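A.B. asks:
The following block contains the structure:
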């Protein structure tokens, strides 16, 4: 990220620690987001520092939930490649201590990035790391719900859903919804084809 002022980064982190009311906290987060949008390098190091802390200590979500959720939403709102890279860095370093609530939060928000690629999250879903696998599978599911998968990708997800298991996270309903959606799409396609043939025969 280039040269930056470590003292300024520490000052911003200190401000986060010292803020004393929810209103002032939100104002500070808004200010931080504007600084990041103007590409202030120190602010990006603040975000990197906090993500690194979450990687090192999953309990930060219990200790500083408002701060961590706030930072995640700032990155989502910014929506650029740097924000996406920070979130990917975090999820690639998930541990078994990563809370399920964090997995669900990120699985619902990460698909808002335009940079999301099916193959990448399919690889995550196949990971031996249970937390990363859960995130990857949920993101593929959410992409399917948003109709952002090609027919080939939906077929791959359908096949994965028939064998996917994750003993730290219950996916029964998700698997069923994927399979039901796939079969429903097949019926719709067949119905459309039959209707078209019928219409053509009347001409």
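Residue numbers (the working numbering): 2 to 204.
Backbone N, C-alpha and C define an ideal beta-carbon position, used for all residues, glycine too.
These figures come from a predicted structure and were not determined experimentally.
Alpha carbon to alpha carbon, what distance is there between residue 151 and residue 98?
C.D. replies: Each residue's Cα considered, the two are about 34 Å apart.
A.B. asks: Along the alpha helix (DSSP H) that carries residue 33, what are the first and last residues, could you check?
C.D. replies: 23 to 38
A.B. asks: So, at 6 Å on beta carbons, what are the nonlocal neighbours of residue 184 in its own chain, with the 5 sequence-adjacent residues on each side left out?
C.D. replies: none
A.B. asks: Should residue 86 be labelled buried (16 or more other beta-carbon atoms within 10 Å of its own) or exposed?
C.D. replies: exposed
A.B. asks: Identify whether residue 19 lies in helix, strand or coil by the three-state DSSP scheme.
C.D. replies: helix
A.B. asks: Residue 159 to residue 180, Cα distance in whole Å?
C.D. replies: 6 Å
A.B. asks: Three-state secondary structure (DSSP) at residue 96?
C.D. replies: coil
A.B. asks: Three Cβ pairs or more, each shorter than 8 Å: is that satisfied between the stretch 21 to 29 and the stretch 46 to 64?
C.D. replies: In short, these stretches do not touch, since the Cβ pair count stays below three.
A.B. asks: So, for residue 21: in the same chain, excluding its five sequence neighbours on each side, which residues have a beta-carbon less than 8 Å away from its beta-carbon?
C.D. replies: none
A.B. asks: Going by C-alpha distance, which of 38, 84, 144, 44 is nearest residue 10?
C.D. replies: The candidate whose alpha carbon is nearest that of residue 10 is 44.
A.B. asks: Go to residue 168, then tell me how far its alpha helix (DSSP H) extends in each direction, as first and last residue.
C.D. replies: Note, residue 168: premise wrong, no alpha helix (DSSP H); not H, not E.
A.B. asks: Between residue 54 and the rest of its own chain, which residues show a CB-CB distance below 8 Å, the 5 nearest in sequence each way excluded?
C.D. replies: 61
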